[in-house]
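Everything below concerns the one structure shown next.
Residue numbers (our numbering): 243 to 577.
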């Protein structure tokens with residue numbers, strides 16, 4: 243067991259994989275404690291955002307305005323020692339406003355001026371308010387970890403994580419992300435109202451004038467180390483098979499389709515969902531001190547990975563079968 247001393251310099255190259263996972267648990271718990279100084283409640287949201295980061299994925303945060311989405315992302319970036327930019331998406335936002343553009347300098351030479359996407363953590367606020375051309379510029383950067391301007395390619399610094407938000411209430415004047423673009427997000431994270439006690443604590447802490455200092459728990463190098471550690475975590479064949487069978491059961495009119503998929507779904511999840519289920523299960527297992535994931539770890543992160551990849555049909559809407567209800571039925575299967 244690695245001793246918990248955050249002040250000591252750790253030589254990560256000397257750690258075995260099991261010792262590294264023990265250390266990862268300590269760092270994760272310290273990270274959650276630090277974030278909780280500012281963010282009250284929202285434990286599942288914080289967990290899923292952190293899992294996304296260490297899975298090298300991206301998150302789509304869905305919730306009404308005023309639920310501290312910006313504060314959540316800025317707090318996490320401070321605790322991780324990463325730089326952070328917020329991009330407010332509007333109908334007149336252009337791709338160059340995000341990725342940057344070339345400008346003529348005093349020597350009459352074109353020089354690339356970086357846009358706000360050149361940061362470690364990006365909050366893409368209300369991504370569905372900007373036209374598809376601008377959405378595609380960000381989504382390309384998410385996928386390729388680079389941007390291309392006038393035939394020149396510029397790499398984005400890793401770790402690189404995008405948390406995009408959508409307002410589920412207002413749909414007028416918006417440009418909903420198509421299914422192919424939604425599939426690029428690892429998680430669809432629902433942000434709900436706080437409980438009464440949580441809201442009471444929020445009001446008390448934000449109206450007292452006291453500022454909470456966030457300590458940096460992890461460096462960029464440590465984050466990259468743990469991201470690579472996750473890839474090395476072994477997975478039993480039965481967990482691989484469960485993840486692939488679960489995703490296959492969402493595809494209507496296919497040999498492995500669940501009866502609810504045939505009856506209530508217009509479209510199921512693709513192979514990227516299977517990949518994310520495995521990598522997410524690895525991180526979920528690691529933060530809980532396990533050296534290998536099991537089926538319970540897959541189930542724990544299945545709903546936020548699947549819910550934006552399934553498209554229900556009119557019958558599901560008419561009979562009140564929501565995507566979450568369908569997923570909960572799929573998770574009852576034994577493969």
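Backbone N, C-alpha and C fix where the C-beta goes; we use that ideal spot for every residue, glycine too.
Can residue 477 and residue 570 be called in contact, C-beta distance under 8 Å?
no
DSSP state of residue 566 mapped onto helix, strand, coil
helix
Within 8 Å, strictly: CB atoms of residue 390 and residue 335:
no
Straight-line gap, residue 307 to residue 481 (C-alpha atoms, nearest Å):
38 Å
Cβ-based burial, residue 411 [other Cβ within 10 Å; buried from 16]
exposed
Tell me which same chain residues have a C-beta within less than 8 Å of the C-beta of residue 343, skipping the five on either side of it?
354, 355, 357 and 391
Give the secondary structure of residue 361 by DSSP, where H, G and I count as helix, E and B as strand, and everything else as coil.
coil
When 270, 366, 348 and 349 are compared against residue 316, the one with the closest alpha-carbon:
366
State whether the stretch 451-463 contacts the stretch 261-268, with contact taken as three or more CB pairs (one from each stretch) at a distance under 8 Å.
no
What is the DSSP secondary structure of residue 575, counted as helix, strand or coil?
coil
Quick check on residue 289: does DSSP put it in helix, strand or coil?
helix
Looking at C-alpha atoms only, which residue of 428, 422, 537 and 557 is the closest neighbour of residue 405?
428
Give me, in chain order, the residues of the same chain whose beta-carbon lies closer than 7 Å to that of residue 544; leave out the 5 immediate sequence neighbours on both sides.
488, 519, 569 and 573
Limits of the unbroken beta strand (DSSP E) element including residue 335:
Per DSSP, residue 335 belongs to no beta strand (DSSP E) and is neither H nor E.
Beta-carbon gap between residue 312 and residue 368 smaller than 8 Å:
no
Which two residues bound the contiguous beta strand (DSSP E) that contains residue 406?
403-408
Can we count residue 359 as close to the ligand FAD, meaning its CB is less than 7 Å from some heavy atom?
Within the structure as shown, the ligand FAD is missing, as the structure has no ligands at all.
Helix, strand or coil at residue 425 [DSSP, three-state]
coil
Length of the line joining the Cα atoms of residue 285 and residue 277:
10 Å
Test item: CB-CB of residue 485 and residue 492 under 8 Å
no
State yes or no: is the C-beta of residue 526 within less than 8 Å of the C-beta of residue 424?
no
Taking the straight line between their C-alpha atoms, what separation do you get for residue 374 and residue 364?
18 Å
Using the C-alpha atoms, what's the distance from residue 452 back to residue 421?
43 Å
Note down the Cα distance separating residue 559 from residue 509, rounded to an integer number of angstroms.
14 Å
Among the residues of its own chain, which have a CB less than 6 Å from the CB of residue 302, if the five just before and after it don't count?
406, 427 and 430
Proximal residues to residue 432 (C-beta, below 6 Å), its chain only, five neighbours per side dropped:
304
Secondary structure at residue 484, three-state DSSP: helix, strand or coil?
helix
Output needed for residue 561: all residues of its chain with C-beta closer than 8 Å, excluding positions within five of it in sequence on either side, in chain order.
506
Excluding sequence positions up to five away, which residues of its chain have a Cβ less than 6 Å from the Cβ of residue 454?
279 and 280
Under 6 Å Cβ to Cβ from residue 314, same chain only, skipping five residues before and after it: list those, please.
281
DSSP state of residue 371, grouped into three classes?
helix
Taking just the CA atoms, how far does residue 297 sit from residue 290?
10 Å
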